[in-house]
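Participant: The sequence shown begins at 139 in our numbering and counts up one residue at a time.
Shown below is the structure under consideration.
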Amino acid sequence: MELQLIDFQARFTQDYFAWCKDHPEVLEDEEKADDLYFDMLEGWLDQPMKWLGGKSPNAYFDAVKEPEMLVSMLIEYEKAEIELPDPLFRRLLEEKEKVYPMLCHILFANESQDMEQEELLDVQAGVISLLTEMELPHPLERYAEKLIHLEEDCAYAEEAAEALGDAGEEAREILLKAYPASRGYGRKCFIDLLSSLTPSDNIREILLDEFAKPDADRAFLAECLGRYGDPAALPALRQAMEEPGLEYYVFLELKNAAEQLGGEEIEDRDFSGDKLYDLLSAQDAGEVPHGK
Numbered sequence: 139m140e141l142q143l144i145d146f147q148a149r150f151t152q153d154y155f156a157w158c159k160d161h162p163e164v165l166e167d168e169e170k171a172d173d174l175y176f177d178m179l180e181g182w183l184d185q186p187m188k189w190l191g192g193k194s195p196n197a198y199f200d201a202v203k204e205p206e207m208l209v210s211m212l213i214e215y216e217k218a219e220i221e222l223p224d225p226l227f228r229r230l231l232e233e234k235e236k237v238y239p240m241l242c243h244i245l246f247a248n249e250s251q252d253m254e255q256e257e258l259l260d261v262q263a264g265v266i267s268l269l270t271e272m273e274l275p276h277p278l279e280r281y282a283e284k285l286i287h288l289e290e291d292c293a294y295a296e297e298a299a300e301a302l303g304d305a306g307e308e309a310r311e312i313l314l315k316a317y318p319a320s321r322g323y324g325r326k327c328f329i330d331l332l333s334s335l336t337p338s339d340n341i342r343e344i345l346l347d348e349f350a351k352p353d354a355d356r357a358f359l360a361e362c363l364g365r366y367g368d369p370a371a372l373p374a375l376r377q378a379m380e381e382p383g384l385e386y387y388v389f390l391e392l393k394n395a396a397e398q399l400g401g402e403e404i405e406d407r408d409f410s411g412d413k414l415y416d417l418l419s420a421q422d423a424g425e426v427p428h429g430k
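This is the structure:
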């Protein structure tokens, strides 16, 4: 059975706004308009469409019986960056025991004959998100293994980090094992994730060692140390606040973290000449409207 790649959400939205044009009073109540949107979508999915040969969107996907075809359609939607249709998600959920091994196979692929590496990562990111929505087990070690080598931010890094973060303490040893070999954005993800776990000597050492590096992202690491909640970081934070050439936004993160850990308010400093400081000072003085 050959199916077309159709943006069902776009088609429904087009029909919805056409209907709203004839019923402008509906949009006056935003909450009711939102409720109506989803109610209408539910009915629309059961409505026969000429452009589907008389089938409804739900019936269109109900006709797909092979789990392999459902997964193939998922891949094509992800590649085309088209929102996954609700009926396709429903069918994948109905066949989750059969499609789960196929989804894991996609996640463990290092390359594809049909996709460039970047495209494969995007598809894998979509699969990670889908596993979360379907409440299926995540192969966390695989996510960490791939994060190690990711130099820059991407959809895969975001989805993998979110899944690892949601796992909480279950991911502790996985993160600690992967961290030493990591680099770039992947390393940043591991640091961020470790700082959210229950305090321990090895994680404290990692965070303080990272903070002490000459090229450290002090603002990011200060936020991590504040979240981590170990007062042992206070001396390093206070020392960093006294360094010459400090930018105001970095100072603010250091200050916030130190206040979180020490419980004492730290006096602000004069950073005249710093763009952020001057802007905030002007806003406080009423010279510049807030939000501009």
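Note that CB positions come from ideal geometry on N, CA and C, so glycine has one too.
Computed from a predicted structure; not experimentally measured.
In terms of alpha-carbon separation, which member of A378, I341, R365 lies closest to D353?
Facilitator: Residue A378 is the option with its Cα nearest to D353.
Participant: Counting only runs of 4+ residues fully inside the segment 343-384, write out the alpha helix (DSSP H) ranges in chain order.
Facilitator: You should have 356-366, 372-379.
Participant: Do you know how far the Cα of A370 is from the Cα of L390?
Facilitator: When rounded, the distance between both Cα atoms is 19 Å.
Participant: Here's a check: name, in chain order, each residue in its chain whose Cβ is nearer than 8 Å to the Cβ of E403, leaving out the five neighbours to either side.
Facilitator: Result list for E403: E397, in chain order.
Participant: Does P162 come out as helix, strand or coil in the three-state DSSP assignment?
Facilitator: Helix, per DSSP.
Participant: Just the Cα atoms here: how many angstroms apart are K234 and M272?
Facilitator: If I take the Cα positions, the gap works out to 8 Å.
Participant: Buried or exposed for S410, going by 16 or more other Cβ atoms inside 10 Å?
Facilitator: Exposed, because fewer than 16 other Cβ atoms sit within 10 Å of the Cβ of S410.
Participant: Give the single residue among A171, L143, D167 whose Cα lies nearest to the Cα of F155.
Facilitator: Here the closest residue by C-alpha is A171.
Participant: By alpha-carbon positions, which one of A350, E348, E308, L288 ends up nearest to R321?
Facilitator: Residue L288 is the option with its Cα nearest to R321.
Participant: Quick one: any contact between the segment 356-363 and the segment 324-336, if contact means 3 or more CB pairs under 8 Å?
Facilitator: The segment 356-363 is in contact with the segment 324-336.
Participant: Three-state secondary structure (DSSP) at E204?
Facilitator: Coil at E204, not helix or strand.
Participant: Would you say L345 and L363 are within 7 Å of each other, going by their C-beta atoms?
Facilitator: Against a cut-off of 7 Å, the Cβ pair of L363 and L345 comes out as a contact.
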